[in-house]
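A.B. asks: Numbering-wise (this note's numbering), the sequence shown opens with residue 6 and increments by one.
What follows is a structure written as structure tokens; I'll ask about it next.
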Amino acid sequence: MNVVIITGASSGMGREFALQLDQGLHTIDEFWLIARRGKRLEDLAGKLKHKTRSFAIDLTDPVEMNAFARVLETKRPAVRMLINSAGYGVMGNVADLEVEEQTGMIDLNCMALTRLTRLCLPFMKEKSRIIQLASSAAFLPQPGFAVYAAGKAYVLSFSRALGEELKDRGILVTAVCPGPVRTEFFERAEQKASTLAIKKYVMADAEDVVRDALSASAKGRSMAVYSLPIKAFGVLTKLCPHSLILMVMSFLKRR
């Protein structure tokens, strides 16, 4: 049984991945959709042509993850694609945010992603693909978004290293590094802080970012960076000292 596993499928990028893949994959037997909000998963399943299996679980809960691991062992699917899209971010200085808000980001954005990736690897074979949602925030430290950016730097580094490790098995890993995307994620991130005006000018639509990510994955690229401004930002972070960029960012934030 060939399956696609998508986390964070109840909204935003995860939901968009499911909708777009539903139109283009003809060798997949089931979509396995993972998110905490079961009702939303049911609503999404009703829109898909493929057969679906919904898992309303918390990826940060070891008990629930162990239960999902048992499903994998029992069903033994061929995981043709794993899309780790679940995640959240909260803006604000480290000293101002609650500890739980910050460790929660690490638990979901880093630990859960790593755990699920490892659980799925035994069920993947040649030409299977992994798409990990990183971010352009991974390119350099981000004051006011410190934990989130550090976590996404982990996802990017982990994904690129994993891709090298899996080359001999023919499994492709793509880290997706978009800038701001119009989703519920960004609305949640902004609840405790105002966004730099420049970010609003480069805001992208989830549909476009997902289309670009799927194209990059199909071509075997290790990274997908959507839009010219974000690509230019990535180049800038390689050419300029981070201390200088951080100084400019702090200046713009104070304006």
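Idealized CB from N, CA, C, for every residue including glycine.
Keep in mind that this is a model prediction, so the values were computed, not measured.
Report the three-state DSSP secondary structure of K56 (helix, strand or coil).
C.D. replies: Strand, per DSSP.
A.B. asks: Quick one, are the C-beta atoms of T12 and I88 less than 9 Å apart?
C.D. replies: In contact: T12 and I88 (Cβ atoms closer than 9 Å).
A.B. asks: State the start and end residues of the unbroken beta strand (DSSP E) segment that holds M70.
C.D. replies: Taken as a continuous stretch (DSSP letters only), M70 belongs to no beta strand (DSSP E), being part of the alpha helix (DSSP H) at P67 to K80.
A.B. asks: If we count the other Cβ atoms within 10 Å of its Cβ and call it buried at 16 or more, is F256 buried or exposed?
C.D. replies: Exposed, because fewer than 16 other Cβ atoms sit within 10 Å of the Cβ of F256.
A.B. asks: Short of 7 Å in beta carbon distance, which residues of its chain neighbour G156, apart from the five on each side in sequence? Order them along the chain.
C.D. replies: So the qualifying residues of the chain are M110, I111, N114 and C115.
A.B. asks: Could you have a look at T188 and say whether DSSP puts it in helix, strand or coil?
C.D. replies: Of the three classes helix, strand and coil, the one that applies to T188 here is coil, per DSSP.
A.B. asks: Out of curiosity, what's the CA-to-CA distance linking A72 and L46?
C.D. replies: Whole-angstrom Cα-Cα distance: 18 Å.
A.B. asks: Quick check: the Cα distance between Q147 and L251, rounded to an integer number of angstroms?
C.D. replies: Cα to Cα, Q147 sits roughly 8 Å from L251.
A.B. asks: Please list, in chain order, all residues of the same chain as E69 whose beta carbon is under 7 Å from its beta carbon, the five residues on each side excluded.
C.D. replies: Only I62 and D63 meet the Cβ criterion.
A.B. asks: Count Cβ pairs between the stretch 155-169 and the stretch 235-242 that sit closer than 8 Å; are there 3 or more?
C.D. replies: With the cut-off at 8 Å, the stretch 155-169 and the stretch 235-242 do not touch.
A.B. asks: Can you find the residues in the same chain that come closer than 7 Å, C-beta to C-beta, to T57, ignoring five residues on each side of it along the sequence?
C.D. replies: Same-chain partners within the cutoff: E35, F36, L38 and A50.
A.B. asks: Going straight from the alpha carbon of L102 to that of T179, what length do you get?
C.D. replies: Going from the Cα of L102 to the Cα of T179 covers about 31 Å.
A.B. asks: Thinking C-beta only, is V230 closer than 9 Å to A211?
C.D. replies: Cβ atoms of A211 and V230: not closer than 9 Å.
A.B. asks: Is the beta carbon of A91 sitting closer than 9 Å to the one on A143?
C.D. replies: In this structure, A143 does not lie closer than 9 Å to A91 by Cβ.
A.B. asks: I believe V9 touches R120 by the beta-carbon criterion, under 8 Å. Please report the beta-carbon distance rounded to the nearest angstrom.
C.D. replies: Contact flag wrong, Cβ pair sits at about 19 Å.
A.B. asks: With DSSP as the reference, please indicate the residues paired to I62 in a beta bridge.
C.D. replies: None, per the DSSP bridge assignment.
A.B. asks: Leaving out five residues before and five after K54 in sequence, what residues of the same chain have Cβ atoms less than 6 Å from its Cβ?
C.D. replies: Here the set comprises D27.
A.B. asks: According to DSSP, is A198 helix, strand or coil?
C.D. replies: Confidence is the limiting factor: at A198 the pLDDT is only 49, short of 50, which leaves the residue's position unreliable, though a coordinate-based value still follows. Here A198 sits in coil by DSSP.
A.B. asks: What's the C-alpha gap between T65 and T108?
C.D. replies: Those two C-alpha atoms are separated by around 11 Å.
A.B. asks: Helix, strand or coil for A229, going by three-state DSSP, please let me know.
C.D. replies: Note: A229 maps to strand in three-state DSSP.
A.B. asks: Span of the alpha helix (DSSP H) holding M18?
C.D. replies: Looking at the DSSP string, the run of the alpha helix (DSSP H) that includes M18 is G17 to G29.
A.B. asks: Cα separation between L145 and L249?
C.D. replies: Cα to Cα, L145 sits roughly 11 Å from L249.
A.B. asks: What is the DSSP secondary structure of I136, reduced to helix, strand or coil?
C.D. replies: The answer is strand: DSSP assigns I136 an E or B state.
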